[in-house]
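*Asks:* At the far end of the sequence shown sits residue 269, using our numbering, and the numbering has no gaps.
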Amino acid sequence: MFRLTSAIAIGAALALPAHALDLDQMSDEERRIFREEVRAYLMDNPEVIMEAVGVLEQRQQAAQAQADINLVSDNASDIFDDGYSFVGGNPDGDITLVEFLDYRCGYCKRAHGEVAKLLESDGNIRLIVKEFPILGEQSVLASRFAVATKQIAGGETYKGLTDALMELSGDVNLRSLRRIASTFGLDADAIEARMNSPEVTAEIQSTRELAQRLQITGTPTFVLQDELLRGYLPFDEMLALVEEKRG
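(1) Can you tell me whether F108 is helix, strand or coil according to DSSP?
(2) Quick one: using the 10 Å Cβ neighbour count with 16 as the cut-off for buried, is L78 buried or exposed?
(3) Give me the residue from S191, A175 and K181 with the minimum Cα distance to G111.
(4) With a CB to CB cut of under 8 Å and the five nearest residues on each side skipped, what residues in its chain are close to P113?
(5) Report the three-state DSSP secondary structure of T118 (helix, strand or coil).
(6) Are there 16 or more other CB atoms within 10 angstroms of the CB of E72, so buried, or fewer, so exposed?
(7) Within a Cβ cutoff of 6 Å, which residues of the same chain sit near K131, ignoring the five residues on either side of it in sequence?
(8) Among Q173, E136 and L119, which one has its Cα closest to the Cα of I150?
(9) Using a threshold of 7 Å, state whether the C-beta atoms of F17 and E136 are closer than that.
(10) Drop a sphere of 10 angstroms on the beta-carbon of M260, count the other beta-carbons inside from all chains shown, and report buried for 16 or more, exposed for fewer.
(11) Which residues bound the alpha helix (DSSP H) around L199?
(12) Quick one, are the C-beta atoms of L190 and D100 less than 7 Å apart?
(13) In whole angstroms, give me the CA-to-CA distance for S219 and T241.
(14) For the region 172 to 256, list the beta strand (DSSP E) runs that are entirely contained and at least 3 residues long, ordered along the chain.
(15) Going straight from the alpha carbon of L157 to that of Q234, what length do you get?
(16) May I ask you to report which of helix, strand or coil DSSP gives L26?
(17) How would you label P68, buried or exposed, when you count the other beta carbons within 10 angstroms and need 16 or more for buried?
(18) Classify I156 as helix, strand or coil using the three-state DSSP reduction.
Below is the structure:
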């Protein structure tokens, strides 16, 4: 009976606000007995610990999701209307998907096909691409090449070029980039000269600063309407999220 009564008391105590249970007001003997009973209760009912951990994780996830929503809201103009990022898919679509990518990222390469499939299956999605090279010098070189091409040749050529860069399996260097440029009939000399221009540097740096404000540390990272999606997502999950956003 004592153990049952103690367990009930412990359960009630754990449910109380922190200020309602003041161990400082207990005597040393009362604190000792209370702590022993708490330990005994938890040893007899270890599932309580897992339940508490589960509740804590849910609260942390909810807090992170809300924090991400606030970050997107605070930076909405730079995310959705920066004036320089490529806009594809359906520019007038009712759903906007933003992707931060790195051409040397294996998961970005996987996601590239999934995003293309999503745009093909749903003709009402607006896609925005953010160049976010974070995996070393080859990543930066590829992004400078892509941005320079966009600035010189326009969005349609840039779109084809991003496909080629995502399919590139070898090292990224000026030789491989010039080879890609030739397949699109581009002036490789003009693009190479543009790659280190202040305009290209400013675009990549602005996106990097935006990513820092959004606390993005890896690629791919997506923004879907008001939600940050960190990491690779397969087609089925992206499609389900799009449908959820539409309500």
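Built from N, CA and C at the ideal position, the CB exists for glycine as well.
*Replies:* From the atom records:
(1) Numbered from its first residue, the sequence shown carries residue 108 at position 86. In the structure shown, the three-state DSSP call for F108 is strand.
(2) The residue you call residue 78 lines up with position 56 of the sequence shown. Here L78 is exposed: its Cβ has fewer than 16 other Cβ atoms, across all protein chains shown, within 10 Å.
(3) Taking the first residue of the sequence shown as 1, we reach residue 111 at position 89. Closest by alpha carbon: K181.
(4) Indexing the sequence shown from 1 puts residue 113 at position 91. Annotation for P113: R148 place their beta carbon closer than 8 Å to its own, counting only its chain and skipping 5 residues before and after.
(5) Here the question's residue 118 lines up with position 96 in the sequence shown. Note: T118 maps to strand in three-state DSSP.
(6) Looking up residue 72 in the sequence shown gives position 50. The question names Glu, yet the displayed sequence has Met at residue 72. Burial state of M72 is exposed, judged by a 10 Å Cβ sphere holding fewer than 16 other Cβ atoms.
(7) Reading the sequence shown from its first residue, position 109 is the one you call residue 131. Cβ within range, chain order: M188.
(8) Position 128 of the sequence shown, counted from the first residue, corresponds to residue 150. Checking every option, the nearest Cα to that of I150 belongs to L119.
(9) This structure cannot settle anything about residue 17, because the visible part of the chain is limited to 23 through 269.
(10) Counting from one through the sequence shown, the residue named residue 260 turns up at place 238. Buried, by the Cβ-count rule.
(11) The count along the sequence shown starts at 1 and reaches residue 199 at position 177. Its alpha helix (DSSP H) spans residues L196 to T205.
(12) Counted from its first residue, the sequence shown places residue 190 at position 168. Counted from its first residue, the sequence shown places residue 100 at position 78. No, these two residues do not count as a Cβ contact at 7 Å.
(13) By 1-based counting over the sequence shown, the position of residue 219 is 197. By 1-based counting over the sequence shown, the position of residue 241 is 219. Rounded to whole angstroms, S219 and T241 show a C-alpha spacing of 25 Å.
(14) DSSP assignment within the region 172 to 256 yields the following whole beta strand (DSSP E) runs of 3 residues or more, N-terminal first: 243 to 246 and 249 to 252.
(15) By one-based count along the sequence shown, residue 157 stands at place 135. By one-based count along the sequence shown, residue 234 stands at place 212. Approximately 15 Å, taken between the alpha carbons.
(16) In the sequence shown, the residue the question calls residue 26 occupies position 4. Since pLDDT at L26 reaches only 41, below the 50 mark, its modelled position is unreliable, and the value read off the structure follows with that caveat. The three-state reading of DSSP puts L26 in helix, counting H, G and I together.
(17) Numbered from its first residue, the sequence shown carries residue 68 at position 46. Burial call: exposed.
(18) If you number the sequence shown from 1, residue 156 lands on position 134. Looking at I156 - three-state DSSP - the assignment turns out to be coil, as it is neither helix nor strand.
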